[in-house]
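Numbering (this note's numbering), first residue to last: 757 to 1086.
The C-beta atom is built at its ideal place from N, Cα and C for all residues, glycine as well.
No experiment lies behind these values; they were computed from the predicted model shown.
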Amino acid sequence: MKSFAYVRAASVEEATDAFAAHPGARYLGGGTNLVDLMKLGVETPAALVDVTRLPLDGVEELPDGGLRAGATVRNSDLAAHPVVRDRYPALSQALLAGASGQLRNAATTGGNLLQRTRCPYFQDLSKPCNKREPGTGCGALEGVHRDHAVLGHSDQCIATHPSDMAVALAALDARVELRGPEGTRNVPAADFHRLPGTHPERDTEIRPGELITAVILPGATAGLPSAYRKARDRASYAFALASVAVVLHLADGVVERVGIAFGALAHRPWRARRAEDALLGAAPTTAAFEHALDLELAAAEPLRDNAYKVPLARRLALDVLGRLAPPATI
757 MKSFAYVRAA SVEEATDAFA AHPGARYLGG GTNLVDLMKL GVETPAALVD
807 VTRLPLDGVE ELPDGGLRAG ATVRNSDLAA HPVVRDRYPA LSQALLAGAS
857 GQLRNAATTG GNLLQRTRCP YFQDLSKPCN KREPGTGCGA LEGVHRDHAV
907 LGHSDQCIAT HPSDMAVALA ALDARVELRG PEGTRNVPAA DFHRLPGTHP
957 ERDTEIRPGE LITAVILPGA TAGLPSAYRK ARDRASYAFA LASVAVVLHL
1007 ADGVVERVGI AFGALAHRPW RARRAEDALL GAAPTTAAFE HALDLELAAA
1057 EPLRDNAYKV PLARRLALDV LGRLAPPATI
């Protein structure tokens, strides 16, 4: 393993200053993904800036009825928080669907958002990968790509983002709070991760030196019916083949508010804007749900071995939408 410097930050300012002082540094939270990538040689940071002692491990209610979860809140704690379970059930369900209990006890909110793809070509130094080493090619394109993207991919990269939590955050209209050299800013969770385009090495919209300090859950989606469902090869400790988070609110017999996000279909959680637009103001019937999802998934471009993901995602979304709508309307 390559040697590296280690800094244990006592404040957010100390963390960002240490990061700036060590080109090639990485922030260290739970380390459940970063340390694995260091062992593989995929990540070779010049320094690790430990943020686990920062005062970012609280969950606080906001005046608008929303919630602010600090970046070092452990995944297990966030999933079990009574306000999260009561007001944002999709988030609790998504967190509990991710990894094992032991990993959830260590993994942090910020680290979950920053985890890298589990594409085997990215993790294998002997294989070409534009995300790991720009310009070397994408081995998955003509290789094994059963688990890869069907939406938003490019000829540079077909990897998917592995987070369950990020999918729920996207559907719930959450925001990611960042602190950096230019101060504090918020980025919509649905826009925080990037599509690959010609720069698949850029996973997120985070700027150099910025640190995730919190995730903000809005009051507007607090308490609305929401749910998350995930399909995987085995019942536990497996990444999604397809997943979906849905927020659905009805008024006067029609859809007044809806948020739909797919996981494991793209380089980032895929917010289904076409489907949402088609459902707003519509009666929540099976036919309306099918029509909206068909509009969204018409953009899919499956590869040789992963066309199954399109009908799988459609069925998952239909099931979750149907469970959230009153039975008499379906």
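Inclusion of S832 and L869 in the CB contact set at 8 Å is not warranted, their separation being larger than that value.
Minimum Cα-Cα distance from R1024 among the listed residues A946, L1059, V798 corresponds to A946. A distance below 6 Å between beta-carbons, with the five flanking residues on each side excluded, links E957 to the following residues of its chain, in chain order: K887, P890. Counting C-beta atoms within 10 angstroms of its own C-beta, R830 has 16 or more neighbours from the protein chains shown and is therefore classed as buried.
In summary, L973 is buried, with 16 or more beta-carbon neighbours lying within 10 Å of its beta-carbon over all protein chains present. Counting the other CB atoms within 10 Å of its CB gives R872 a total of 16 or more, which places it among the buried residues.
Within 10 angstroms of the beta-carbon of Y762 lie fewer than 16 other beta-carbons, which makes it exposed. Residue state for Y993 is assigned as coil, using DSSP reduced to three classes.
Counting along the chain, L1072 sits inside the alpha helix (DSSP H) bounded by residues 1065-1080. The beta carbon of T772 sits closer than 8 Å to the beta carbons of R935, G936, P937, G965, E966, L967 from its chain, once the five residues preceding and following it are set aside; these are given in chain order. Here D842 carries a helix assignment [DSSP, helix/strand/coil].
Looking at L1004, F995, R990, the one whose alpha-carbon comes closest to that of S982 is L1004. Look at F948 here: in three-state DSSP terms it is helix. S919: not part of any beta strand (DSSP E); DSSP gives it neither H nor E.
When DSSP states are grouped into helix, strand and coil, K887 belongs to the coil group. For the set A1048, H837, Y783, Q858, the Cα lying nearest the Cα of R809 is the one of Y783. Assignment of beta strand (DSSP E) within the segment 781-821, counting only whole runs of 3 or more residues, yields 781-784, 803-806, 815-817 in chain order. Taking the C-beta atoms as reference points, P952 is found nearer than 8 Å to S910.
DSSP places L1004 in the uninterrupted beta strand (DSSP E) bounded by 998-1007.
When DSSP states are grouped into helix, strand and coil, V768 belongs to the helix group.
Contact annotation: A835 and S856 have beta-carbon atoms that are not nearer than 8 Å. For T960, same chain residues with a beta-carbon under 8 Å away, outside a window of 5 residues either side, are L869, L870, F948, H949, R950 in chain order. Distances from the CA of P1082 to each of A1039, D1061, G1019, D1033 were compared; the closest alpha carbon is that of A1039. Out of N942, G979, K883, A781, the CA that lies nearest to the CA of V971 is found in N942. Between E817 and L823, the alpha-carbon positions lie close to 5 Å from each other. Following the DSSP letters along the chain, one finds T1042 inside the alpha helix (DSSP H) bounded by residues 1042-1053. For A802, the number of other beta carbons within 10 angstroms of its own is below 16, and it is reported as exposed. Straight across, the Cα-Cα distance linking P811 with L1051 is about 44 Å.
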